[in-house]
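In our numbering, the protein residues as written are 12 to 517.
The beta-carbon is built from N, C-alpha and C at its ideal position, and this holds for glycine as well.
To start, the structure under review is shown below, and the notes come after it.
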Ligand SMILES: C[S@@+](CC[C@H](N)C(=O)[O-])C[C@H]1O[C@@H](n2cnc3c(N)ncnc32)[C@H](O)[C@@H]1O
């Protein structure tokens with residue numbers, strides 16, 4: 012083990028991922044929704060701790076040129092990769108470093124308006140958790156916001172021993188982390204087949220073990236094979252972050268607001284009777300057996316009056332991230348099928364299909380004037396949770412943002428020729444990332460190069476020995492692959508390209 016790692020996995024890199032909940036726009040919207048005054052979005056400083064390969068930070072820096080970004084991760088392979096993309100994109104407002112949390116406390120940085128850490132706090136030891144709290148104490152501005160996610164108890168209680176079992180599986184000296192992952196999963200399956208009482212008395216564990224087979228091995232190595240790994244109760248995190256003068260305000264995941272629909276009246280009454288927010292959230296985690304939380308904390312939260320909240324939310328802008336032709340009114344809201352009320356949702360979708368609009372503009376729209384503020388806001392939140400709409404930055408400066416995303420999107424598209432690890436592009440409209448599949452990225456690249464879409468994409472897939480899958484069948488012959496690509500290219504030109512242009516991806 013290399014001694015700078017403190018037992019953290021360093022021989023395999025973490026997945027290349029983008030997390031929209033980390034965007035300043037999303038954090039500000041959620042804070043406002045929780046009646047808390049957010050840091051301003053006109054100009055700000057932002058830092059992601061343990062940023063991995065920095066994909067999220069790079070997307071956010073390109074889409075928010077009015078902000079100055081820092082990304083840190085002590086694994087130099089991660090930060091080198093992050094810097095490589097930033098260089099290719101010619102981003103000027105981002106600084107990556109390979110400091111550890113302890114070292115970063117001393118690093119010469121300005122104080123931050125936003126500090127985010129995703130998938131970090133439960134994967135490190137107590138000493139590093141204290142380092143993070145010190146860092147938050149010293150580097151967050153008054154009024155600044157922290158997004159922090161962590162594995163949560165009680166959701167992990169049945170599974171915690173499975174990690175120990177995999178760690179204790181017989182492995183050979185010198186095995187890589189990836190070999191230990193395979194050996195650990197196989198050993199756990201072997202003990203399950205032998206009817207080990209742990210599996211018999213914790214029957215839900217087998218489904219989780221089986222599901223691991225479909226997970227990326229790099230993710231599994233980082234999730235389960237670190238020396239330190241500790242899911243936490245929400246109440247513990249609140250207590251620890253209190254040392255940095257931080258107060259929990261609201262979930263950073265809008266879905267959480269809709270999970271309450273799943274509670275019975277008795278359960279809701281229990282929660283309603285708990286005045287203390289920390290206890291209420293912790294008991295709620297027992298009602299849901301929560302496994303993962305995304306919390307927003309603020310240093311010195313200022314509670315808005317209802318009128319102030321309405322005013323600030325009215326100025327928030329929202330963008331449609333689907334093709335309006337594809338809009339379906341039967342949707343799945345946090346795992347529950349619901350029917351959206353068309354007289355409310357249809358005019359909102361049509362108004363946003365014309366252009367992104369603020370809530371105030373929506374309220375003044377001819378077809379929406381009859382609706383209350385609260386009705387439109389609730390509809391927007393449901394549309395955000397169901398991936399139809401996303402909070403966006405104001406229209407001012409959008410042209411400037413268009414210029415700064417071009418370099419990053421070109422760099423990502425070029426990278427898509429070699430693999431499928433970055434299926435996101437940066438949007439100057441939403442100031443965040445937008446999902447886009449690898450074939451669509453390659454079509455976009457062909458379109459920009461004025462090449463024949465089908466031939467261009469097929470030539471890349473063919474060289475890499477890749478084949479398309481249609482209706483769960485691998486298409487074997489070149490003819491079948493090209494025919495499928497032709498159909499996909501037509502859909503791309505007619506439906507996806509107009510959407511991508513509207514969102515400013517190219
Ligand atoms: C599970 S990964 C999450 C990466 C990224 N935030 C994401 O969600 O994609 C945790 C990251 O924390 C970094 N890390 C762990 N301990 C650290 C320390 N003491 N100082 C700085 N970075 C650390 C690791 O190198 C790793 O990239």
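In the DSSP assignment, residue 485 forms a beta bridge with 480. A distance criterion of 6 Å places the beta-carbon of residue 82 beyond contact range of ligand 1, judged by its closest non-hydrogen atom. Apart from sequence neighbours up to five positions away, the residues of its chain that approach residue 180 with a beta-carbon distance below 6 Å are 194, 195, 198, ordered along the chain.
Relative to ligand 1, the beta carbon of residue 130 is positioned inside 6 Å of a heavy atom. The three-state secondary structure of residue 290, taken from DSSP, is helix. Residue side-chain check: residue 98 keeps its Cβ at 6 Å or more from all non-hydrogen atoms of ligand 1. Residue environment for residue 485: exposed (fewer than 16 other C-beta atoms within 10 angstroms of its C-beta). Look at the stretch 42-72 and you find these whole runs of beta strand (DSSP E), each 3 residues long or longer: 55-60. The beta carbons of residue 56 and residue 124 sit closer together than 7 Å. C-alpha of residue 511 to C-alpha of residue 362: approximately 18 Å in a straight line.
Here residue 64 has 27, 89, 92, 93 as same chain residues with Cβ atoms under 6 Å from its own Cβ, once five neighbours each way along the sequence are excluded.
Counting every other CB atom within 10 Å of its CB across the protein chains shown gives residue 208 a total below 16, marking it as exposed. With a threshold of 16 other beta carbon atoms within 10 Å, residue 306 meets it and is buried. Residue 169 places its beta carbon 7 Å or farther from that of residue 237.
Residue 54 and residue 224 have their alpha carbons spaced roughly 44 Å apart. Annotation: residue 200 to residue 166 spans about 21 Å, alpha carbon to alpha carbon. Residue 229 holds the alpha-carbon nearest to the alpha-carbon of residue 190 among 211, 102, 229, 475. Shortest gap from the CB of residue 233 to any heavy atom of ligand 1: under 6 Å. Across the set 352, 365, 380, 330, the C-alpha of 330 shows the shortest separation from the C-alpha of residue 398. DSSP places residue 416 in the helix class (H, G or I) of the three-state scheme.
When DSSP reads this structure, residue 156 sits in a beta bridge with 125, 309. In the DSSP assignment, residue 343 falls within the beta strand (DSSP E) that extends over 341-344. For residue 81, the enclosing beta strand (DSSP E) begins and ends at 78-83. Pairing residue 240 with residue 337, the inter-Cα distance amounts to about 43 Å. Burial state of residue 264 is buried, judged by a 10 Å Cβ sphere holding 16 or more other Cβ atoms.
Residue burial annotation: residue 466 is exposed, with fewer than 16 other C-beta atoms found within 10 angstroms of its C-beta.
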